[in-house]
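Data first, discussion second: the structure below is written as structure tokens.
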Amino acid sequence: GAVVSQHPSWVICKSGTSVKIECRSLDFQATTMFWYRQFPKQSLMLMATSNEGSKATYEQGVEKDKFLINHASLTLSTLTVTSAHPEDSSFYICSAREAGAANEKLFFGSGTQLSVL
Amino acid sequence: QKEVEQDPGPLSVPEGAIVSLNCTYSNSAFQYFMWYRQYSRKGPELLMYTYSSGNKEDGRFTAQVDKSSKYISLFIRDSQPSDSATYLCAMIHMDSNYQLIWGAGTKLIIKP
Chain A
537 GAVVSQHPSW VICKSGTSVK IECRSLDFQA TTMFWYRQFP KQSLMLMATS
587 NEGSKATYEQ GVEKDKFLIN HASLTLSTLT VTSAHPEDSS FYICSAREAG
637 AANEKLFFGS GTQLSVL
Chain B
55 QKEVEQDPGP LSVPEGAIVS LNCTYSNSAF QYFMWYRQYS RKGPELLMYT
105 YSSGNKEDGR FTAQVDKSSK YISLFIRDSQ PSDSATYLCA MIHMDSNYQL
155 IWGAGTKLII KP
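So the sequences go chain by chain: A and B.
For what it's worth, the working numbering labels the leading residue of the first sequence as 537, then goes sequentially.
For what it's worth, the working numbering labels the leading residue of the second sequence as 55, then goes sequentially.
This is the structure we're talking about:
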């Protein structure tokens, strides 16, 4: 099956620094990528939808200036957590939708655990 | 009321048992139904998806959809300790521009 590579798997940073998370589709072109956040014992929450070559669409309550999303190519989307604070500590997951496919064929990255000290 | 309801568990069963995981939903516009498995600190893995009422089988897994009752199930036969994970149901309706609506996930524990 299709592979989505998410990097890094773990990151620990100091409060006030920025962290970039990469999401790559390795063997298919992803016109749309989704970024999720998961708090412990809760389900995934959609943060934003990223379309290649255009601005991301953020869900209500998600700060676009805080969570910068770039989808510059059909195989790469990045999420940058700017000026991270301890409350940003969470598990972040990306998913990619193959070009021309409906959403029932989403492929997920392995996730990034962010800990902000 | 949430659009998708799923019992968070945990559900603990002995190895070899048949497992039944369930979700209910309130919006009859849902058309696609998926089951994902998530191991701790890993991304969700798509197990099965279907878009019609009835059963769909894949190895030890059977997905069942009953649109009249707004109820979906995932059955796992001959359960193994490696099946221990959180299982999430997810649904899509076209009115929401293909957004996935997720259940809370059920934590499953298979005891050796």
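For every residue, glycine included, the Cβ atom is placed at its ideal position computed from N, Cα and C.
Quick caveat: nothing in here was measured; it's all calculated off a predicted structure.
Step through the CB atoms of chain B and report whether any lies within less than 8 Å of the CB of A:L612.
Chain B, which has no Cβ nearer than 8 Å to the Cβ of A:L612, makes this no.
Beta carbon proximity, B:G97 to chain A, threshold 8 Å:
Yes, B:G97 lies at the interface with chain A (some Cβ there is under 8 Å from its Cβ).
Does B:P135 come out as helix, strand or coil in the three-state DSSP assignment?
Secondary structure at B:P135: helix, using DSSP grouped into helix, strand and coil.
Going by other Cβ atoms of all chains shown within 10 Å of its Cβ, with 16 needed for buried, is A:W546 buried or exposed?
So A:W546 counts as exposed.
Under a CB-based cut-off of 8 Å, is A:S609 close to chain B?
Taking CB atoms only, A:S609 has no neighbour in chain B less than 8 Å away.
Within chain B, the residues that A:S646 reaches when beta carbons sit closer than 9 Å
Those within 9 Å of A:S646 in chain B are R95, K96 and G97.
Cut-off 6 Å between Cβ atoms - residues of its own chain near A:S613, not counting five sequence neighbours on either side:
Contacts found: C559, M569, S586 and H607.
Candidates A:A635, A:L653, A:S541 and A:Q565: which alpha carbon is nearest A:S626's?
Among A:A635, A:L653, A:S541 and A:Q565, the Cα nearest to that of A:S626 belongs to A:L653.
If I'm right that B:A144 touches B:Y90 with Cβ under 8 Å, what's the distance once you round it to whole angstroms?
For a cut-off of 8 Å, the C-beta gap from B:A144 to B:Y90 is around 6 Å, short enough to register as a contact.
For B:D112, which three-state DSSP category applies?
Note: B:D112 maps to strand in three-state DSSP.
Is B:L70 close to chain A, meaning its C-beta is less than 8 Å from at least one C-beta of that chain?
It is Gly, not Leu, that sits at residue 70 of chain B in the sequence shown. No - not a single Cβ of chain A is within 8 Å of the one on B:G70.
Between the Cα of B:L101 and the Cα atoms of B:R95, B:E111 and B:S82, which residue gives the shortest distance?
Comparing Cα positions, the closest option is B:E111.
Measuring CB atoms only, is the stretch 64-82 of chain B touching the stretch 628-635 of chain A, in the sense that at least three cross pairs come out at less than 8 Å?
Touching, no, given that fewer than three Cβ pairs across the two stretches are closer than 8 Å.
Counting only C-beta atoms, is B:G157 closer than 8 Å to chain A at any point?
True, the Cβ-Cβ gap to chain A drops below 8 Å.
Apart from the five residues on each side of it in sequence, which residues of its chain come closer than 7 Å, Cβ to Cβ, to B:R131?
If the five residues before and after B:R131 are omitted, its C-beta is found closer than 7 Å to the C-beta atoms of I72 and R114, all from its own chain and listed in chain order.
Residue from A:Q542, A:V555, A:V540 and A:S541 whose Cα sits closest to the Cα of A:L650:
Of the listed residues, the one whose Cα sits closest to A:L650 is A:V555.
What's the C-alpha gap between B:F84 and B:V58?
Inter-residue distance for B:F84 and B:V58 is about 10 Å (C-alpha atoms, whole angstroms).
Minimum C-alpha distance to A:E634 - residue among A:L615, A:S619 and A:L562
Selected option, being the one with the closest Cα: A:L562.
Give the residues from the stretch 131-144 of chain B that approach chain A closer than 7 Å (Cβ to any Cβ), ordered along the chain.
So the close ones are L142.
Which residues of chain B have a Cβ atom closer than 8 Å to the Cβ of A:I629, listed in chain order?
What A:I629 touches in chain B: G97 and P98.
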